[in-house]
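Taking it in order: structure first as structure tokens, then the write-up.
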DNA sequence: TCTTAAGCTGTTTTT
DNA sequence: CAGCTTAAGA
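Shown next, in the form of structure tokens:
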């Protein structure tokens, strides 16, 4: 059976499969059958070389990719395939850390903090250190810390490295190192690791415990890394160490598709791989089987402008296919309408399914306009990523209960649930308890169980009740399976009742979401593949799941997602929307030449998802943060060789001057253009003689200045009891109704 | 301590 | 715009 597959491979593919020993690097262009090669290679190892599946470790980028590969191998060689180690870096090494964590002083039931938890923790640390949270923004600080961890810089190294300190000093953030230190200490106290810790601590484990390293080196005789261009130093060193004994390391990647630098991915890993392994065997897969010539050439024409890349020549034998179609819309809403209409028509004309279409965008917020348009035409769609199910408040709340029952030291979980539902324990009490734990250097749980010594009577009683509840949950969790325990926790905690009583639409949704979480747990328990049916096991399972890993692809839907999450997928028809300067390429990324190159690679990834036809679209105006902005076409549109492009005339003519009225059902209305303002007008520096004045005698006709909105003229004043409303026309922001911020107004005349 | 409402602020991508 | 924080009143 394997032989059939071997003969179906082209020569370089075959080489890649058959070269099983020693270091191998496969440079795989887009659509070159990479996954196929990888799966056949693994099947070949097991089948032809009689390698025990337990000895093969494959690291992929997403859980989805891992599952898909597993299924494919299973089809090739049967159930044996299940025994290979396959998963993301994070999930595989989290699994290993569950076993080995005690060696690092962590309990095996450590919690994994997602970035929301991390940010929240940083926020409280910044507050405790009495630092300005506008200077030390959680996002910025976290990415700084994360960057350090990805490069294996511990907080000890960080605060002693003169270069890093100088860097922070220059950025006017000299105390990031201290925050890093406190952050790590708090994580440790909470028995928690963040995403980066999973890899960082694996490195520490392998560094400090040669016996353990050796154990895994012996176990994994073959190591394979997919999407190698997206590994960071921390990940790279792990694989290098694991493969050090047997040297059977096979990495697969495409430098042209490296799009995760912001997460610490280092393209040098792939560019310099040869230096680390002088006897490296390199295979290039350059034939594209996926896309038409026009699409391949378009992608090539953009990527050719990048300076730093490995030489390769991606080509295809496929037909020319249709030209790339360029669509121009008046607004983001019309862009959505054009895309939706095109899908509708193409679907009917060519007898396609919804699932043959994908809409790709640079930022998640762009999905709005697309959704609305699709909904109006009754086209089923599904959004991948964005606010994931597990990030919703109600889900996080219930999960926080689960987490806290399993790990009593989980501070972030504690803060979420201690007073939700309301039980009369306010912020003051919570802070007192945390301070007590910190000052006496005792576990949080000890403070909670002895609340009488730290809190006034009423609050202490409430905490005691809370404590009893948690204890009873713990007993249930230990005795029952995940589903029964979870249901009981949801009910007894009062959370379910709280949501049930909320009869608003959002409330109903939240209630349903919680039910859905319980269903997911039921599914987990009923799945015979899961041996450990405890709630703790379920938590571990999903901590590293992302939205796209959920298998809901049974229905026929158009797929909407960011370019980042589209990697590895393919669709017959692909729309890349929002081709506007500052959006794609992103303004934030346009700092240096390297960053522009990464945006080009992003375009490369997006366009090579398409098999048959590629559409590019842009809008002339777009709502962003409640403000309508002017847009300019992306520079990428000029960088593409124009011979591959045709402009969609039919739709572009109909657009001039047609704006839709706010929520009118009538659709197009030929109204005068709404005022278009630039974002720069938003920040106003008050004039030197600005002083907020007593505005008691504010009246219509007054000229005023506001620190944020700038200069304006009062149109009218309305009085409702004690409250006053001022309708003011601001020069840059148009009409505004100020209710309270009178204090910030300054009357000029 | 809880509720309500105004004010403020982000503004990229994800394990 | 939307989600969060803050401030004031109950």
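Numbering (the working numbering), first residue to last: 1199 to 1947.
All C-beta atoms, glycine included, are put in the ideal place defined by N, C-alpha and C.
With the rule of 3 Cβ pairs closer than 8 Å, the region 1304-1324 counts as touching the region 1387-1401. Distance from residue 1699 to residue 1619 at the Cβ level is roughly 10 Å; contact not present, criterion being Cβ atoms closer than 8 Å.
Boundaries cannot be given for residue 1691, as no alpha helix (DSSP H) includes it and DSSP labels it neither H nor E.
Contact annotation: the region 1788-1805 does not touch the region 1564-1584, with fewer than three C-beta pairs closer than 8 Å. With contacts defined as CB atoms closer than 8 Å, residue 1795 and residue 1506 qualify as a contacting pair. In this structure the region 1447-1456 does not lie against the region 1411-1418, because fewer than three pairs of beta carbons, one per stretch, are closer than 8 Å. Under the criterion of beta carbons closer than 8 Å, residue 1732 and residue 1675 qualify as touching, at roughly 7 Å. Between the C-alpha atoms of residue 1603 and residue 1742 there is a straight-line separation of about 19 Å. Between residue 1357 and residue 1375, the CB-CB gap stays under 8 Å. For residue 1753, the secondary structure class from DSSP, reduced to helix, strand or coil, is coil.
For the 8 Å CB-CB criterion, residue 1773 and residue 1558 form a contact.
Per the coordinates, the alpha-carbon of residue 1652 lies some 9 Å from the alpha-carbon of residue 1627.
Contact annotation: residue 1485 and residue 1463 have beta-carbon atoms that are not nearer than 8 Å. Secondary-structure assignment with DSSP links residue 1914 through a beta bridge to 1925.
Following the DSSP letters along the chain, one finds residue 1391 inside the beta strand (DSSP E) bounded by residues 1390-1392. Its Cα nearest to that of residue 1491, the residue 1809 stands out among 1809, 1927, 1287 and 1912. Taking each of 1479, 1902 and 1719 in turn and checking the Cα distance to residue 1222, the smallest one comes out for 1479. In this structure the region 1831-1845 touches the region 1767-1781; the number of beta carbon pairs closer than 8 Å is three or more. In terms of Cβ geometry, residue 1425 and residue 1287 do not form a close pair [threshold 8 Å]. Taken through DSSP and simplified to helix, strand or coil, residue 1580 comes out as strand.
Within the DSSP bridge table, the entry for residue 1808 names 1769 as partners. Residue 1361 and residue 1251 have their C-alpha atoms spaced approximately 46 Å apart. In the three-state reduction of the DSSP assignment, residue 1900 falls in the coil class, being assigned neither a helical nor a strand state.
Contact between residue 1760 and residue 1622 is absent: CB atoms are separated by about 43 Å, not below the 8 Å threshold.
The C-beta of residue 1277 has fewer than 16 other C-beta atoms within 10 Å across all chains shown, which makes the residue exposed. Between the alpha carbons of residue 1925 and residue 1824 lies a gap of roughly 19 Å. Excluding sequence positions up to five before and after residue 1429, its CB lies within less than 8 Å of the CB of 1287, 1423, 1437, 1463, 1464 and 1467, all in the same chain and listed in chain order. The beta-carbon distance between residue 1330 and residue 1321, rounded to whole angstroms, is 12 Å. This is too long to meet the 8 Å contact definition. Beta-bridge analysis with DSSP links residue 1555 to 1771. When DSSP states are grouped into helix, strand and coil, residue 1422 belongs to the strand group. Of all C-beta pairs linking the region 1536-1547 to the region 1565-1575, three or more are shorter than 8 Å, placing the two stretches in contact. The three-state secondary structure of residue 1537, taken from DSSP, is helix. Contact check for residue 1274 against residue 1218 fails: the beta carbons are separated by 8 Å or more. In this structure, residue 1765 keeps its C-beta atom at 8 Å or more from the C-beta atom of residue 1554. The C-beta of residue 1657 has 16 or more other C-beta atoms within 10 Å across all chains shown, which makes the residue buried. Using a Cβ distance threshold of 8 Å, residue 1371 and residue 1334 count as a contacting pair.
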